[in-house]
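Visitor: First the structure, which I've put down as structure tokens, then a few questions once you've had a look.
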Amino acid sequence: GAAGVKRKEKREEQRGGNDCLVRLSNPNIASMKEDILYHFNLTTSRHNFSAMFGDVKFVCVGGSPSRMKAFIRYVGTELGLDSPGRDYPNICAGTDRYAMYKVGPVLSVSHGMGIPSISIMLHELIKLLYHARCSNVTVIRIGTSGGIGLEPGSVVITEQAVDTCFKAEFEQIVLGKRVVRKTDLNKQLVQELFVCSTELSEFPTVVGNTMCTLDFYEGQGRLDGALCSYTEKDKQTYLQAAYTAGVRNIEMESSVFAAMCNACGLQAAVVCVTLLNRLEGDQITSPSNVLAEFQQRPQRLVSYFIKKKLGKA
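Position 84, counted from 1, in the sequence shown is what the UniProt record's numbering calls 84; the numbers after and before it change by one each time, with no gaps.
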């Protein structure tokens, strides 16, 4: 019965480091007869989560569904799990909110744009990993960003996800009250990824802070949106202040990603390519073939990291 399950969980927890189960920061889930992951179109009563996902060790998330499908194809090939004509069906085919693909121990999930979209996805993803009794899971966001003072195409491995005032915290209003969570990312993982980038030595890679904003235009100090309430000089002053605070890139998901993974004890990292240098402009002007190659850079780095971890590099 329940006591036996509790004892088993305790034993597994005590084994510690080598078998770290995904945990939730919510006591209510354990007593639910059924858990419907609505935005994935998956439910614990109809799907056998441990059979479908129990072997997952690496979860990669990114904004665009087509990019996450391209990533699973690439990882499949790199790990030698691909076969001619193999298709990767979308596990969340019943909904168009998010797309999910799997090959071997790697899960690839899209999260859309912005904090609300990735937050909803992460609640359901972390519950999925919990119901599947996954252990020792590493979650990595691979994405695009605007760089500050970096050559376009540079890759940033996030040291700290910071808010628009450069503080390493994520603030959310819960039941009308401010709740502030830490946005710590796993330092060892940052180092491991950086070592991988030097071993690959295919593109410039730096470790720096990532500023997470609520918007692409005014929220990032752009001068080219439908609204703009400041000058070019104001923008430059702000971006220089960000640079001084250690910020090297700007995107819209890292803070809640770091906060939620941290709260649930998941090892997490953020690896984003910069599509432009924001000190020099606001519009993304590189030709599409150049942008396509830029967007493959985080995929190549993270895929190499996974291969190395699995002893296949």
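The beta carbon of each residue, even a glycine, is placed where N, CA and C say it ideally should be. Remember, it's a predicted structure, so these values are computed and weren't measured experimentally.
(1) Could you pull the start and end residues of the alpha helix (DSSP H) that residue 331 belongs to?
(2) Are three or more beta carbon pairs between the stretch 84-92 and the stretch 24-33 nearer than 8 angstroms?
(3) Quick one: Cα of ILE120 to Cα of HIS39, how far?
(4) Let's see if you can read the secondary structure: which residues bound the alpha helix (DSSP H) around GLU199?
(5) Does ASP282 pass the burial test, meaning 16 or more other C-beta atoms within 10 Å, or should it be called exposed?
(6) Suppose the cutoff is 8 angstroms on Cβ atoms and the five residues either side in sequence are ignored; what does the same chain contact list for GLY17 look like?
(7) Under DSSP, the beta strand (DSSP E) around CYS261 begins and ends at which residues?
(8) Take LEU24 as the anchor and find which of LEU310, SER45, GLU124 and ARG297 has the nearest alpha-carbon.
(9) Grab the span of the alpha helix (DSSP H) containing LEU239 for me, first residue to last.
(10) Closer than 8 angstroms is the cut-off here; do at least three beta carbon pairs connect the stretch 173-182 with the stretch 213-231?
(11) Which residues in the same chain as TYR238 place their Cβ atom closer than 6 angstroms to its Cβ, once the five residues preceding and following it in sequence are excluded?
(12) Report the three-state DSSP secondary structure of ARG67 (helix, strand or coil).
(13) With a cut-off of 8 angstroms on the beta carbons, I'd call SER154 and GLY146 a contact; round off their distance for me.
Guide: For this structure:
(1) Past the edges of the chain, shown from 1 to 313, lies residue 331, and the structure says nothing about it.
(2) no
(3) By 1-based counting over the sequence shown, the position of residue 120 is 120. By 1-based counting over the sequence shown, the position of residue 39 is 39. Their backbone Cα atoms lie some 8 angstroms apart in a straight line.
(4) Here the question's residue 199 lines up with position 199 in the sequence shown. For GLU199, the uninterrupted alpha helix (DSSP H) run begins and ends at 187-200, by DSSP.
(5) Residue 282 sits at position 282 when you count from the first residue of the sequence shown. Looking at its Cβ environment, which holds 16 or more other Cβ atoms inside 10 Å, ASP282 is buried.
(6) Reading the sequence shown from its first residue, position 17 is the one you call residue 17. Because the pLDDT at GLY17 is just 47, under 50, the model does not fix this residue reliably, and the point stays unresolved.
(7) On the sequence shown, position 261 is the one that residue 261 refers to. Segment 254-263 is the alpha helix (DSSP H) holding CYS261; no beta strand (DSSP E) there.
(8) Looking up residue 24 in the sequence shown gives position 24. If you compare the alpha carbons of LEU310, SER45, GLU124 and ARG297 with that of LEU24, the shortest gap goes to GLU124.
(9) The count along the sequence shown starts at 1 and reaches residue 239 at position 239. Start and end: 232-244.
(10) no
(11) Locating residue 238 in the sequence shown gives position 238, where the first residue counts as 1. Closer than 6 angstroms at the Cβ level, and outside the excluded window around TYR238, lie GLY221.
(12) In the sequence shown, residue 67 corresponds to position 67, counting from 1. Three-state result, ARG67: helix.
(13) As a working note, residue 154 is residue 154 in the sequence shown. As a working note, residue 146 is residue 146 in the sequence shown. Actually they are not in contact, since the Cβ atoms of SER154 and GLY146 sit about 11 angstroms apart, beyond 8 angstroms.
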